[in-house]
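Per my numbering, residue 926 is the first one in the sequence shown, and the count goes up by one each step.
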Amino acid sequence: MMPLAWLRPLTSSELLDVPFKLMRARWGTLTLLHLLFGAPVLLLQIVLVLPWLTRLPLWSFNLTLTGLPTLVFTQPWPFVGALALGALHAFPQAAAARVIANQVLDAAPLGVRQAVAVTWRRALTALPAALLLRLLEAAALLAWLLPFGWLLSIFAGLPILCMLSFALEVVVLEGASPWRALRRSAALTQGLRMRLAANAFCSMVVLFVAHVLPILLQVLLGFLAEVNEATQTVLAFGTLATMIVCLSSWPTCSRVLAYLEARVRKEGLDLQMAVEARR
């Protein structure tokens, strides 16, 4: 188990490093959760958006950049729908959050079945908040396609997302309602949002790598004459799905640790746990 020594104010570097240790400690459980409950949602998202993306020359970077804004703003619903469908990732993320919280708090370790049994009702309760966050993410991404929209995304979208980033953890670990969870997340993140923005950026980098490597695989396979185009595409998207499912554990670990660390700073959670341990 992860020692209670981690339940204390952490440095910025620790907030980036410790999630990898947590992920390695419970790699099997986290990966199985995301494969069983995250992969079907990811498959639905790919099925929804793939016919839409086939209108772009995916492997021509310049043409994709010029054609994507037009396609998004003329036919936005597949893009927005796929991101909104991502709210269903609340189920594996809720179970993973409980697993990681138990690991940090030195509580009894949970397997897949136990984690799902404990959290599925609260994950269902968290769906409205998860949907709101996915739609905010969609708006922040769409803003990048507008002239100077990146300014709006960075200076308005990112602070709002950071402010509400603990909503799922509050619902799952505290049993709050979605709307109370949003207010409590705003209170917990006050004064810590620059650190959370750095964590959010690192999460984006991790997921970006998960997207880019399959494309590099596609390019590599393009040099192999014996592999036809359909096989290349299937392999690329298969690799994409697998990597996103596996790497999605890191943002969950990072967010749960940041939530617990915020409670240590603002509510003395570490002192409460120490008092309870002595009883």
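For glycine and all other residues, C-beta sits at the position ideal for the given N, C-alpha and C.
Neighbourhood of residue i by C-beta, 6 Å cutoff - its chain only, sequence neighbours within 5 removed
i: Phe986; result: The predicted model places Phe986 with a pLDDT of 45, which falls under 50 and marks its position as unreliable, so this point remains unresolved.
i: Ala1021; result: Leu955, Leu958, Thr1177
i: Trp1075; result: Trp1069
i: Leu1194; result: Arg1188
Straight-line Cα distance separating residue j from residue i
i: Leu957; j: Leu967; result: 14 Å
i: Leu1061; j: Gly1082; result: 7 Å
i: Gly963; j: Gln1018; result: 8 Å
i: Leu988; j: Thr1044; result: Residue placement at Leu988 is flagged as unreliable, the pLDDT there being 45, under the threshold of 50; a coordinate-derived value is accordingly withheld.
i: Arg1210; j: Ala1040; result: With the chain represented from 926 up to 1204, any question about residue 1210 goes unanswered, as that position is not in the structure.
i: Arg1046; j: Gln1000; result: 35 Å
i: Pro965; j: Leu1117; result: 34 Å
i: Ala1048; j: Leu1013; result: 9 Å
i: Phe1073; j: Phe998; result: 16 Å
i: Ile1085; j: Glu1192; result: 22 Å
i: Gln1115; j: Cys1087; result: 10 Å
i: Phe1004; j: Leu1071; result: 16 Å
i: Ala1042; j: Arg1190; result: 31 Å
i: Asn1027; j: Ala1111; result: 24 Å
i: Arg1038; j: Ser1174; result: 17 Å
i: Arg1109; j: Gln1197; result: 19 Å
Local conformation of residue i per DSSP, three classes
i: Asp1195; result: helix
i: Leu1013; result: helix
i: Phe1148; result: Note that Phe1148 scores 48 on pLDDT, short of 50, meaning its location in the model is unreliable and no value can be drawn from it.
i: Gln1000; result: coil
i: Leu1071; result: coil
Residues near residue i by beta carbon distance below 8 Å, same chain, minus five either side
i: Leu1182; result: Trp931, Leu935, Leu940, Val943, Pro944, Leu947, Ile1025, Val1029
i: Ser1127; result: Contrary to the premise, residue 1127 reads as Cys rather than Ser in this sequence. Excluding residues within five positions, the ones whose Cβ falls inside 8 Å are Leu941, Ser1179.
i: Arg1120; result: Ser937, Leu940, Ala1183
i: Thr1050; result: Val1096, Ser1102, Pro1103
i: Leu1107; result: Ala1054, Leu1057, Leu1089, Ala1092
i: Ala1125; result: Leu1083, Leu1086, Cys1087, Ser1090
Same chain only: Cβ atoms within 7 Å of residue i, ignoring 5 sequence neighbours per side
i: Leu969; result: Leu1010
i: Gly1006; result: Leu973
i: Ala1123; result: Ser937
i: Ala1015; result: Ala1048, Ala1051, Leu1052, Ala1055, Leu1093
i: Leu1008; result: Arg1059, Glu1062, Ala1063
Start-to-end residues for the alpha helix (DSSP H) that takes in residue i
i: Ile1085; result: 1083-1088
i: Ser938; result: 937-950
i: Trp1045; result: 1037-1068
i: Ser1110; result: 1103-1114
i: Ala901; result: Since the displayed the chain opens at 926 and closes at 1204, residue 901 lies outside it and no answer follows.
i: Leu1077; result: 1074-1077
i: Leu932; result: Run containing Leu932: none; DSSP gives neither H nor E here.
i: Leu1117; result: From DSSP, Leu1117 is part of no alpha helix (DSSP H); its letter is neither H nor E.
i: Leu1098; result: 1092-1099
Below 8 Å, can you find three or more Cβ-Cβ pairs linking the stretch 1097-1104 to the stretch 1058-1071?
-> no
Three or more C-beta pairs below 8 Å linking the stretch 1176-1187 and the stretch 934-943 | yes
Do the stretch 1030-1042 and the stretch 1070-1086 touch if we need at least three Cβ pairs shorter than 8 Å?
-> no
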